[in-house]
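Trainee: Just so you know, the sequences run in chain order A and B. Just so it is clear: in the first sequence, position 170 is 170 by my numbering, and no numbers are missing. Just so it is clear: in the second sequence, position 76 is 463 by my numbering, and no numbers are missing.
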Amino acid sequence: MSLKDKPVAGTLDASASSAGRAQAAASPQVRSPRRRGPQGKGAKGTPPRQTGTGRLRRGEHLFGWLFVSPALAVLLLFLFVPILLALYISFTNWSGLTNPLSSSVKWVGLANYKTLLSEPGLYRQDFGTAIRNNLYFVLFTVPLQTGLALLLAVVVNNKFLRAKGFFRTVAYFPSVTSSIAITVVFMFLFQGTGVVNTILGAFGVQGPNWLYDTRGLFTLIYNAFGVNNPSVLVNHGFLGLNLWGWVAGPSLGMCVVIIMLVWTTSGTFMLFFLAALQQISEDLDEASEIDGATPWQRFRRVTLPLVRPTLVLVLVLGFISTWQVFDQIFLIGPLNPATITPAYFSYQISFQDSNFGAGAAVAFLLFCLIVFLTVLQRKFIKEDLTQ
Amino acid sequence: MKRWKTKAILCLSASVAMLTAAGPSASATAVKLTGKLHGVTLTFMIASSGTAETNADKAAAAAWGKATGNTVNVINASNFQVQLTQAFAGGSPPDVFYGQTSMFESLVKNGELLPSGNLVAPAKDFYPSLVKEFTYNNTFYCVPKDSSTLALEINVDDWKAAGLTNPPTTWAQLAADAKALTRNGVTGLVISPTLDRIGAFFAENGGSYMNSKGTNFAFNSPQNVAALGYLKRMAQEGVLKTSPQVDSGWGGEAFGTGKAAMTIEGNWIIGAMQSTYPKINYEVVPLPAGPTGEHGTLVFTNCWGIAANSKNTAAAVSFVRYLASPAQQLRFANAFGVMPSRPAVAKQWAATHSGTPVASGNQTPNVSAFVQGDAYAMPQVATLGFPTVQAAFDSQTTNLAAINPAALLQQLQTNAEALLRP
Chain A
1 MSLKDKPVAG TLDASASSAG RAQAAASPQV RSPRRRGPQG KGAKGTPPRQ
51 TGTGRLRRGE HLFGWLFVSP ALAVLLLFLF VPILLALYIS FTNWSGLTNP
101 LSSSVKWVGL ANYKTLLSEP GLYRQDFGTA IRNNLYFVLF TVPLQTGLAL
151 LLAVVVNNKF LRAKGFFRTV AYFPSVTSSI AITVVFMFLF QGTGVVNTIL
201 GAFGVQGPNW LYDTRGLFTL IYNAFGVNNP SVLVNHGFLG LNLWGWVAGP
251 SLGMCVVIIM LVWTTSGTFM LFFLAALQQI SEDLDEASEI DGATPWQRFR
301 RVTLPLVRPT LVLVLVLGFI STWQVFDQIF LIGPLNPATI TPAYFSYQIS
351 FQDSNFGAGA AVAFLLFCLI VFLTVLQRKF IKEDLTQ
Chain B
388 MKRWKTKAIL CLSASVAMLT AAGPSASATA VKLTGKLHGV TLTFMIASSG
438 TAETNADKAA AAAWGKATGN TVNVINASNF QVQLTQAFAG GSPPDVFYGQ
488 TSMFESLVKN GELLPSGNLV APAKDFYPSL VKEFTYNNTF YCVPKDSSTL
538 ALEINVDDWK AAGLTNPPTT WAQLAADAKA LTRNGVTGLV ISPTLDRIGA
588 FFAENGGSYM NSKGTNFAFN SPQNVAALGY LKRMAQEGVL KTSPQVDSGW
638 GGEAFGTGKA AMTIEGNWII GAMQSTYPKI NYEVVPLPAG PTGEHGTLVF
688 TNCWGIAANS KNTAAAVSFV RYLASPAQQL RFANAFGVMP SRPAVAKQWA
738 ATHSGTPVAS GNQTPNVSAF VQGDAYAMPQ VATLGFPTVQ AAFDSQTTNL
788 AAINPAALLQ QLQTNAEALL RP
């Protein structure tokens with residue numbers, strides 16, 4: 001789940017407007033497979049608003065549309081048409097083996113959504129587990145990767161640090177490495193008799209078989225305090241998972257993925273923060289130092305407010321990308337309940353069960369969830385304190 | 388990148404399909420072959436297990452092409468299901484392809500599979516269990532490509548070191564032998580945690596996946612519960628483990644790396660042992676019989692699928708006739724160890740491979756244990772949607788010592804029955 005396919009270069013200036021733009025460009029592609037194609041051109045897709053005095057002449061208007069038309073055509077063909085088609089498919093029983101618009105494809109209304117949300121059964125249970133897994137994944141990964149990225153950036157930006165380039169490269173290195181290679185290495189590290197368990201064994205701790213362990217982190221803590229399967233929580237639930245399952249926290253398998261993702265992506269986001277930090281004038285820092293501010297006060301009161309737009313950008317990108325985690329999950333195991341996520345579940349039922357209708361429905365539910373959470377996030381975390 | 392790829396497929400293939408005109412679906416009853424018999428180009432999509440299989444397929448395609456004056460493009464798919472689905476959705480399916488059991492029902496229901504079985508060869512020429520797998524509504528849709536059955540592989544050096552003599556023929560002996568073979572760092576029996584191994588024990592105990600009429604699933608039968616209970620007891624004793632528990636990807640890896648003294652795998656293990664673990668000295672014997680003396684194993688197969696919308700079905704049928712011919716089946720078997728789907732050819736192959744090297748190499752397993760299984764093997768479930776149901780079961784079998792057999796099989800039954808509801 002590296003972010004190297006995100007529009008990094010275009011957003012390095014980390015201004016407030018770039019944050020908004022990146023989000024606007026990133027949100028629709030949640031559902032869309034056209035990840036690499038047009039998203040970088042998102043800004044080109046809409047003609048610039050007329051800000052100057054004097055109106056454009058009619059001819060210029062026409063030429064404006066003419067010039068953007070290639071990009072617009074690409075966007076329409078590879079972004080909007082597929083999204084609409086996928087939305088249509090989520091209301092059908094399309095098997096993936098015929099033309100989706102042919103007469104053999106039946107309109108089934110909300111049936112696919114009902115199987116996922118209301119009808120008791122395996123799909124609902126798998127979907128609930130996937131949402132639970134991914135929810136905890138996001139809740140742990142986003143704060144950790146953002147915090148670590150900021151910390152690394154502050155350290156690397158320190159003017160007294162030697163060999164800056166070296167440390168910058170070291171921190172960024174995981175981001176430019178293939179996520180598949182990293183996942184395979186982590187799978188070796190965390191297997192039953194892997195390095196991690198060998199080290200734990202040296203301290204007399206018998207490590208679990210991490211990647212296949214479905215026990216939740218919080219459940220283990222509850223158990224340590226003697227709480228186990230309280231009937232209040234076990235007897236109620238939603239999406240095929242009881243409340244005890246919902247409060248279980250990330251499974252041990254998911255914890256491994258969280259550690260891996262934080263390690264991989266914090267380097268990318270470190271670059272974002274580094275760019276923002278380098279914009280801050282040294283005078284400000286020195287002035288506050290002369291005023292007697294402690295290093296922590298300088299960080300909290302001077303640096304942090306100034307990198308706030310970048311912080312918001314990193315959070316938004318983090319939230320969106322973590323909800324779509326796929327490659328690592330794909331490698332770790334076929335429908336492993338410890339690590340299954342909605343994106344993987346959608347793939348599984350589409351291609352293994354030839355049930356593209358339900359697969360598309362999963363994708364759209366995920367899309368709605370991401371849009372909802374992003375709107376919520378933007379409501380509560382303002383980019384600019386002056387707003 | 389994988390994520391990008393898979394997500395791209397849905398919409399990419401969909402948009403491509405939109406641009407191409409919708410072709411009429413072939414009816415399952417009247418088969419009318421199209422195209423010429425000479426001078427055409429066929430596409431042939433394969434899901435190869437390795438270089439040996441790819442080369443054998445390419446050689447067969449070239450030989451048929453040369454003899455008939457046609458050309459065959461062999462496409463070796465890296466992710467077969469995804470690529471085949473893409474090709475069908477895009478309206479340009481390969482003319483001939485490996486028809487996998489999990490996709491069979493979906494292909495038939497969408498009219499994408501040419502009912503070519505009887506056009507290629509009479510059904511009676513093949514193992515009945517394989518023909519049944521590719522028959523839908525009494526139509527024999529495609530001829531079985533080959534077959535693979537499960538047998539018990541035994542590490543001969545471990546076996547001798549433990550002082551054992553005759554291979555196990557009953558469950559009691561299997562449990563005792565596994566116990567005798569288990570020592571520090573070596574587990575007596577290691578299997579992959581999946582219904583595709585555990586199911587063999589159902590069959591050995593007189594149980595099965597479906598009821599006798601084939602109208603409903605029968606996962607929760609007392610025989611199946613008892614079979615799973617038997618595995619649980621062995622797991623509790625520590626003499627049976629699953630491959631993830633010994634840090635292996637599958638039973639063959641645990642066996643090849645010496646972590647397992649015995650494993651249960653199909654004839655594909657022969658090739659893997661030769662190429663990856665040539666130093667292991669092993670023998671193959673039929674799976675032991677259950678308490679009632681019943682023999683049981685599982686069979687896995689593919690068929691030679693022909694796309695109904697292919698423009699050259701006449702040439703495709705001719706090509707498949709060649710691929711499924713006795714002489715070619717023997718060539719495939721010799722090249723990469725799959726078993727012929729024709730009983731007559733399978734017996735011929737077994738006769739030439741009883742204790743002699745399959746290819747170059749010093750390992751000399753007796754393949755007759757695999758061939759023997761074809762007579763009583765239980766086929767896989769081909770119901771649409773079953774892969775996800777099975778995955779839910781498989782994911783709970785990693786630690787067999789901790790399972791509740793009755794509850795687990797009841798859950799499997801409930802989930803599978805839901806697939807049969809309209």
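Glycine included, each C-beta is placed from N, C-alpha and C at the ideal position. Because the structure is a prediction, the values reported are computed rather than measured.
Contact criterion: CB-CB distance below 8 Å. Does T235 of chain A meet it with respect to chain B?
Mentor: Translated into the one-based positions of the first sequence, residue 235 of chain A becomes position 235. The question names Thr, yet the displayed sequence has Asn at residue 235 of chain A. Answer no: the Cβ-Cβ gap between N235 of chain A and chain B never drops below 8 Å.
Trainee: Closer than 8 Å, CB to CB, is F467 of chain B near chain A or not?
Mentor: On the second sequence, position 80 is the one that residue 467 of chain B refers to. Taking Cβ atoms only, chain A never reaches closer than 8 Å to F467 of chain B, which makes this a no.
Trainee: State the start and end residues of the unbroken beta strand (DSSP E) segment that holds Y485 of chain B.
Mentor: As a working mapping, residue 485 of chain B is identified with position 98 in the second sequence. 483 to 487 is the span of the beta strand (DSSP E), which, as asked, contains Y485 of chain B.
Trainee: For a test of the three-state rule: what should DSSP assign to W655 of chain B, helix, strand or coil?
Mentor: Position 268 of the second sequence, counted from the first residue, corresponds to residue 655 of chain B. Looking at W655 of chain B - three-state DSSP - the assignment turns out to be helix.
Trainee: Note down, in chain order, each residue of its chain lying with its Cβ closer than 8 Å to the Cβ of S728 of chain B, except the 5 sequence neighbours on either side.
Mentor: For the purposes of this step, residue 728 of chain B is taken as the residue at position 341 of the second sequence. Taken in chain order, the residues that qualify are F513, Y514, L517, V530, P531, K532, D533, S534, T688, A711, Q716.
Trainee: If you follow the alpha helix (DSSP H) that E591 of chain B is in, where does it begin and where does it stop?
Mentor: Sequence index remark: in the second sequence, residue 591 of chain B carries index 204 (1-based). Its alpha helix (DSSP H) spans residues 582 to 591.
Trainee: Determine the extent of the beta strand (DSSP E) in which S535 of chain B is found, giving its start and end residues.
Mentor: For the purposes of this step, residue 535 of chain B is taken as the residue at position 148 of the second sequence. 535 to 542 is the extent of the beta strand (DSSP E) around S535 of chain B.
Trainee: Taking only beta carbons into account, state which residues of the stretch 644 to 656 of chain B come closer than 9 Å to chain A, listed in chain order.
Mentor: none
Trainee: When the cut-off is 8 Å and only beta carbons count, does G40 of chain A lie next to chain B?
Mentor: The sequence position of residue 40 of chain A within the first sequence is 40, counting from 1. Low local confidence applies: a pLDDT of 42 at G40 of chain A is under 50, so the model's placement there is unreliable, with the coordinate-based value given in what follows. Taking CB atoms only, G40 of chain A has no neighbour in chain B less than 8 Å away.
Trainee: On a Cα-Cα basis, can you pick out the residue from B:A454, B:V459, B:P481 that is closest to F343 of chain B?
Mentor: This structure gives no information on residue 343 of chain B, because the portion of chain B shown stretches from 388 to 809.
Trainee: Distance cutoff 8 Å, beta carbons only. Does S118 of chain A sit that close to anything in chain B?
Mentor: Start at 1 with the first residue of the first sequence, and residue 118 of chain A comes out as number 118. With a threshold of 8 Å between beta carbons, S118 of chain A makes no contact with chain B.
Trainee: Shorter than 8 Å from the beta carbon of L494 of chain B to some beta carbon of chain A?
Mentor: What you label residue 494 of chain B is simply residue 107 of the second sequence in a count that begins at 1. Chain A contact via Cβ: present.
Trainee: Tell me the residue span of the beta strand (DSSP E) that contains T574 of chain B.
Mentor: Against the second sequence, residue 574 of chain B aligns to sequence position 187. From DSSP, the beta strand (DSSP E) with T574 of chain B extends over 574 to 578.
Trainee: Quick check: what's the CA-CA separation for V307 of chain A versus N571 of chain B?
Mentor: Counting from one through the first sequence, the residue named residue 307 of chain A turns up at place 307. Counting from one through the second sequence, the residue named residue 571 of chain B turns up at place 184. Going from the Cα of V307 of chain A to the Cα of N571 of chain B covers about 57 Å.
Trainee: Along chain A, in chain order, which residues have C-beta atoms closer than 8 Å to that of Q632 of chain B?
Mentor: The count along the second sequence starts at 1 and reaches residue 632 of chain B at position 245. Chain-ordered, the chain A residues with CB closer than 8 Å to the CB of Q632 of chain B read G192, N209.
Trainee: Listing by chain order, which chain B residues have their CB less than 8 Å from the CB of S95 of chain A?
Mentor: Along the first sequence, one-based indexing puts residue 95 of chain A at 95. By Cβ distance, chain B contributes S493, K496, N497.
Trainee: Is the CB of A415 of chain B under 8 Å away from at least one CB in chain A?
Mentor: Residue 415 of chain B sits at position 28 when you count from the first residue of the second sequence. Caution is warranted here: a pLDDT of 42 is assigned to A415 of chain B, below 50, making its placement in the model unreliable, and the coordinate value is therefore given only provisionally. Chain A, which has no Cβ nearer than 8 Å to the Cβ of A415 of chain B, makes this no.
Trainee: Checking contacts by CB at 8 Å: is V776 of chain B closer than that to chain A?
Mentor: Locating residue 776 of chain B in the second sequence gives position 389, counting from the first residue. Chain A, which has a Cβ nearer than 8 Å to the Cβ of V776 of chain B, makes this yes.
Trainee: Nearest chain A C-beta to S782 of chain B closer than 8 Å, yes or no?
Mentor: As a working mapping, residue 782 of chain B is identified with position 395 in the second sequence. So, interface residue.
Trainee: Answer yes or no: does any C-beta atom of chain B fall closer than 8 Å to that of I349 of chain A?
Mentor: Reading the first sequence from its first residue, position 349 is the one you call residue 349 of chain A. Yes, I349 of chain A counts as interfacial toward chain B.
Trainee: Check the DSSP bridge columns for L238 of chain A and list the partner residues they point to.
Mentor: Here residue 238 of chain A corresponds to residue number 238 of the first sequence, with the count starting at 1. It is Phe, not Leu, that sits at residue 238 of chain A in the sequence shown. Answer is A:L241.
Trainee: Where does Q661 of chain B land, buried or exposed, given buried means 16+ other C-beta within 10 angstroms?
Mentor: Start at 1 with the first residue of the second sequence, and residue 661 of chain B comes out as number 274. It is buried - the Cβ of Q661 of chain B has at least 16 other Cβ atoms within 10 Å.
Trainee: Could you tell me the alpha carbon to alpha carbon distance between L241 of chain A and F273 of chain A, rounded to whole angstroms?
Mentor: In the first sequence, the residue the question calls residue 241 of chain A occupies position 241. In the first sequence, the residue the question calls residue 273 of chain A occupies position 273. Whole-angstrom Cα-Cα distance: 39 Å.
Trainee: Have a look at A:I290, A:V155, A:I258 and flag the residue whose alpha-carbon is nearest the alpha-carbon of T322 of chain A.
Mentor: Counting from one through the first sequence, the residue named residue 322 of chain A turns up at place 322. Looking at the Cα atoms, A:I258 is the closest of the given residues.
Trainee: Just reading off the alpha helix (DSSP H) that T141 of chain A is part of, what are its end residues?
Mentor: Here residue 141 of chain A is taken as the residue at index 141 of the first sequence, counted from 1. Judged by DSSP secondary structure, T141 of chain A falls within the alpha helix (DSSP H) whose first and last residues are 122 to 157.
Trainee: If the cut is a Cβ gap below 7 Å, which residues of chain B does P337 of chain A touch?
Mentor: Within the first sequence, numbered from 1, the residue matching residue 337 of chain A stands at position 337. For the C-beta of P337 of chain A, the chain B residues within less than 7 Å are, from N- to C-terminus, S782.
Trainee: Going by DSSP, which residues form a beta bridge with L627 of chain B?
Mentor: What you label residue 627 of chain B is simply residue 240 of the second sequence in a count that begins at 1. DSSP lists B:L576 as partners of L627 of chain B.
Trainee: So V671 of chain B is in the beta strand (DSSP E); what residue range does that whole segment cover?
Mentor: Taking the second sequence and counting its residues from 1, one reaches residue 671 of chain B at position 284. Element bounds for V671 of chain B: 669 to 672.
Trainee: DSSP three-state label for V251 of chain A, please.
Mentor: Along the first sequence, read from residue 1 onward, the residue named residue 251 of chain A stands at position 251. The identity of residue 251 of chain A in the sequence shown is Ser, whereas the question assumes Val. Reduced to three states, the DSSP call for S251 of chain A is strand.
Trainee: With 8 Å set as the bound, which would you pick, yes or no: does the beta-carbon of T98 of chain A sit closer than that to a beta-carbon of chain B?
Mentor: Translated into the one-based positions of the first sequence, residue 98 of chain A becomes position 98. Closer than 8 Å: yes.
Trainee: How far does the alpha helix (DSSP H) with F167 of chain A in it reach, from first residue to last?
Mentor: Start at 1 with the first residue of the first sequence, and residue 167 of chain A comes out as number 167. Counting along the chain, the alpha helix (DSSP H) containing F167 of chain A begins and ends at 164 to 172.
Trainee: Going by beta carbon distance, what residues of the same chain come within less than 6 Å of A803 of chain B, once the five residues before and after it are set aside?
Mentor: For this step, residue 803 of chain B is matched to residue 416 along the second sequence. Excluding residues within five positions, the ones whose Cβ falls inside 6 Å are F604, V776.
Trainee: In whole angstroms, what separates the C-alpha of A26 of chain A from that of V138 of chain A?
Mentor: Taking the first sequence and counting its residues from 1, the one referred to as residue 26 of chain A is at position 26. Taking the first sequence and counting its residues from 1, the one referred to as residue 138 of chain A is at position 138. Reliability fails at A26 of chain A, whose pLDDT of 40 lies under 50, so the model's placement of it is uncertain and no value is given.
Trainee: Give the residues of chain A in contact with G772 of chain B, contact being defined as C-beta atoms less than 7 Å apart.
Mentor: Position 385 of the second sequence, counting from 1, holds the residue named residue 772 of chain B. Per Cβ cutoff of 7 Å: D353, N355.
Trainee: If contact means a Cβ-Cβ distance below 9 Å, which residues of the stretch 161 to 182 of chain A contact chain B?
Mentor: S178, S179, I180
Trainee: Where does I790 of chain B sit, in a helix, a strand or coil, going by DSSP?
Mentor: Along the second sequence, one-based indexing puts residue 790 of chain B at 403. Correct three-state label for I790 of chain B: coil.
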